[in-house]
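Protein chains in written order, with this note's numbering: chain A, 13 to 213; chain B, 35 to 418.
The structure under discussion appears below in the form of structure tokens.
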Amino acid sequence: MEPVSTTMNRGDFNVIASWIKPGERVLDLGCGDGTLLRRLIDERGARGYGIELENAAMLSALENGINVIQTDLEQGLAGFGDGTFDHVVLSRTLQTVLHTENVLNEMLRVGREAVVSFPNFAYWKNRLAVMKGRMPVSEDLPYEWFNTPNLRFFTLLDFESVCQHLGIAIRERQVLDEVGALVHEEANFLGSLAVYRIGRD
Amino acid sequence: MTTSVGAGRTPSHGGVGAVASRFAHFDTELTLQSGASLPAYVLAYETYGTLNAAKSNAILVCHALSGHQHVAGFRADNQNDIGWWDNIVGPGRPLDTDKYFIVGLNNLGGCHGSTGPSSINPATDKPWGADFPVVTVSDWVAAQARLADTFGIDAWAAVIGGSLGGMQALQWTLDFPQRVRSALVIAAAPKLSAENIGFNDVARQAILTDPDFHDGHFYQHGVRPLRGLRLARMLGHITYLSDDQMAEKFGRRQRAGAGSYGFEVEFEVESYLRHQGDKFAGVFDANTYLRMTKALDYFDPAANFNDDLAAALAPATARFLIASFTTDWRFPPSRSREMVNALVKNGQPVVYSEIDCAHGHDSFLMDDAHYHAVIAGFLRQVGS
Numbered sequence: 013m014e015p016v017s018t019t020m021n022r023g024d025f026n027v028i029a030s031w032i033k034p035g036e037r038v039l040d041l042g043c044g045d046g047t048l049l050r051r052l053i054d055e056r057g058a059r060g061y062g063i064e065l066e067n068a069a070m071l072s073a074l075e076n077g078i079n080v081i082q083t084d085l086e087q088g089l090a091g092f093g094d095g096t097f098d099h100v101v102l103s104r105t106l107q108t109v110l111h112t113e114n115v116l117n118e119m120l121r122v123g124r125e126a127v128v129s130f131p132n133f134a135y136w137k138n139r140l141a142v143m144k145g146r147m148p149v150s151e152d153l154p155y156e157w158f159n160t161p162n163l164r165f166f167t168l169l170d171f172e173s174v175c176q177h178l179g180i181a182i183r184e185r186q187v188l189d190e191v192g193a194l195v196h197e198e199a200n201f202l203g204s205l206a207v208y209r210i211g212r213d
Numbered sequence: 035m036t037t038s039v040g041a042g043r044t045p046s047h048g049g050v051g052a053v054a055s056r057f058a059h060f061d062t063e064l065t066l067q068s069g070a071s072l073p074a075y076v077l078a079y080e081t082y083g084t085l086n087a088a089k090s091n092a093i094l095v096c097h098a099l100s101g102h103q104h105v106a107g108f109r110a111d112n113q114n115d116i117g118w119w120d121n122i123v124g125p126g127r128p129l130d131t132d133k134y135f136i137v138g139l140n141n142l143g144g145c146h147g148s149t150g151p152s153s154i155n156p157a158t159d160k161p162w163g164a165d166f167p168v169v170t171v172s173d174w175v176a177a178q179a180r181l182a183d184t185f186g187i188d189a190w191a192a193v194i195g196g197s198l199g200g201m202q203a204l205q206w207t208l209d210f211p212q213r214v215r216s217a218l219v220i221a222a223a224p225k226l227s228a229e230n231i232g233f234n235d236v237a238r239q240a241i242l243t244d245p246d247f248h249d250g251h252f253y254q255h256g257v258r259p260l261r262g263l264r265l266a267r268m269l270g271h272i273t274y275l276s277d278d279q280m281a282e283k284f285g286r287r288q289r290a291g292a293g294s295y296g297f298e299v300e301f302e303v304e305s306y307l308r309h310q311g312d313k314f315a316g317v318f319d320a321n322t323y324l325r326m327t328k329a330l331d332y333f334d335p336a337a338n339f340n341d342d343l344a345a346a347l348a349p350a351t352a353r354f355l356i357a358s359f360t361t362d363w364r365f366p367p368s369r370s371r372e373m374v375n376a377l378v379k380n381g382q383p384v385v386y387s388e389i390d391c392a393h394g395h396d397s398f399l400m401d402d403a404h405y406h407a408v409i410a411g412f413l414r415q416v417g418s
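Rendered as structure tokens:
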């Protein structure tokens, strides 16, 4: 499996970076080679940590000068105290997590706010692929069904529903199409990738 | 708590070549944490690579329970006497002698040339024996700082160690925050568990109850408590390995002639442990062993901070690499994560690697590709 960030358009990074205020403490879960954190550190003066389990990606993050913590995502979160971070970022990773509710709750325990981006399974091209009888393969869902690390397939509406179920407040939402341009209407149909800023009221 | 001396050996080809120990004499009194003091002492050390003009490229290697100053290379008079961490030190190796000046030493209380219980006590003209004070991790760091002074090294680029050596690296960042730019704390723990201390005490009891121990003054009796030291090492050795590794290495294999319903060596694992015990007892000093295990037991930087490790680590300014090994049950990854979590809580810079390696606690001495890549990568960030 190629490191995600070198093969994909990372339009969500622009959105995430715009939500991080200078000097914030940021935790990036599944930070890959550390591209996002490096940007947040350089552009925002963020004080960042990344969690990355995979050996090659962890080494790349290390070479990028990231404070990278090589451990299982859920184990890593458990060790951090309440409110340790201003923002906890989970970029294109929620769909690979087994204990979805636990991770969302934990992110909002250790972080004041969380930022979550994920591929929208209800994107029209994905719908079309399924209509034609095949699982979708796209810019934001770049794997075949037999080699995908994704465990969960869900939509904007599904995510908003689980947030409501968990008492999580959606503070802001940006939706991108396949080339990373902002989508302003019919988000659950035209959006390929969603980015949410969430918290607790 | 380690180690099997020489477990990290690889053929010295491409390493630092022939080396010799040197000895630094100190005659400024060193007051120890216990309140005792040493009026004068010697530290045995070796160096590899070249100290640059700015004296900014020095790395200190701290040894564990049974280690010493002979970290890398081989002795000119014995090519088989390879340093205990040779696989990591040398040109192009993670502790790259083309870039760094590497210092290894034998800690105070040791038995490889530094002043210790088997040295002559100037007050009595006899070996110190039981009268040699108990030394702590902080005491070692204080002595190491004086060794740094002799080189004119104001700040180490890095202090690195595994197990008890990692504890020294951590202590450096607390006792001399301005003198250490980075600390590599490997297969260590912020303090021993009750189980760890229990193992140490069984090992000590094996020595203390050996009739040849003579209350620590065995030198005058012309004997050594070999039986106790051997048992201590056999016990310790089990805790350095992993269950899976022992199963793979020995399983229940038996030697020829086994099944005699007696107590001679029958299983291969018995043969191995007895051999390790004999080898160690032949060369190591029992009083040193007692003191090294006591230094481990006492290590607890959070003790003066209401057990708040984050508060204890707050003074450190170094960048940290904390590394643990999945099969290490002596200091498992959870113990390393305690340190990581405390540093993250404080917002201090830390990299953590949890390395999948089969060799238990001794993994830190192994030539594992990811492990060595992590150390090399971390040091590249530190720079020379």
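The beta carbon of each residue, even a glycine, is placed where N, CA and C say it ideally should be.
- The C-beta of Arg-50/A comes no closer than 8 angstroms to any C-beta of chain B.
- Ranked by Cα distance from Thr-96/A, the first of Gly-44/A, Arg-59/A, Val-27/A, Met-70/A is Arg-59/A.
- In summary, Asn-338/B is exposed, with fewer than 16 beta-carbon neighbours lying within 10 Å of its beta-carbon over all protein chains present.
- Residues of the region 77 to 89 of chain A with a Cβ closer than 9 angstroms to any Cβ of chain B, in chain order: Gly-77, Ile-78, Asn-79, Val-80, Ile-81, Gln-82, Thr-83, Asp-84, Gln-87, Gly-88.
- The C-beta of Ile-78/A has 16 or more other C-beta atoms within 10 Å across all chains shown, which makes the residue buried.
- At least 8 angstroms separates the CB of Arg-139/A from every CB of chain B.
- Beta-bridge annotation (DSSP): Cys-96/B is paired with Gly-195/B.
- Taking a Cβ-Cβ threshold of 8 angstroms, the residues of chain B close to Glu-75/A are Gly-411, Arg-414, Gln-415, in chain order.
- Secondary structure remark: continuous beta strand (DSSP E) runs of at least 3 residues inside the region 164 to 207 of chain A, in chain order: 181 to 188.
- Listed in chain order, the positions of the region 22 to 44 of chain A with a beta carbon within less than 7 angstroms of a beta carbon of chain B are Arg-37.
- Here DSSP, grouped into helix, strand and coil, assigns Ser-129/A to strand.
- Ala-106/B is positioned such that its CB atom lies no closer than 8 angstroms to that of Trp-190/B.
- Using a 10 angstroms sphere on the CB of Met-119/A, the tally of other CB atoms reaches 16 or more, which defines it as buried.
- Spatial neighbours of Ala-110/B in its own chain (CB-CB distance under 7 angstroms, excluding positions within 5 residues in sequence) are listed in chain order as Ala-52, Ala-54.
- In the displayed model, Ser-227/B falls within coil according to three-state DSSP, outside both helix and strand.
- Tyr-75/B: not part of any alpha helix (DSSP H); member of the beta strand (DSSP E) spanning 75 to 82, first to last residue.
- Think of a sphere of 7 angstroms around the beta carbon of Arg-59/A: the chain B residues whose beta carbon falls inside it are Gly-381, in chain order.
- By the Cβ criterion, the region 102 to 115 of chain A is in contact with the region 161 to 168 of chain A, since at least three pairs of Cβ atoms, one from each stretch, lie closer than 8 angstroms.
- Annotation for His-406/B: Ile-122, Pro-128 place their beta carbon closer than 7 angstroms to its own, counting only its chain and skipping 5 residues before and after.
- Scanning Arg-56/A, Ser-30/A, Val-27/A, Ser-103/A for the CA closest to the CA of Ile-63/A turns up Ser-103/A.
- The beta carbons of Thr-170/B and Phe-233/B sit no closer together than 8 angstroms.
- At least one C-beta of chain B is nearer than 8 angstroms to the C-beta of Thr-96/A.
- Counting the other Cβ atoms within 10 Å of the Cβ of Gln-239/B gives fewer than 16, which makes it exposed.
- Between the region 399 to 416 of chain B and the region 74 to 90 of chain A there are three or more inter-stretch CB-CB distances shorter than 8 angstroms, so the stretches are counted as touching.
- When Cβ pairs closer than 8 angstroms are counted between the two stretches, the region 348 to 362 of chain B is seen to touch the region 214 to 226 of chain B, the count reaching three or more.
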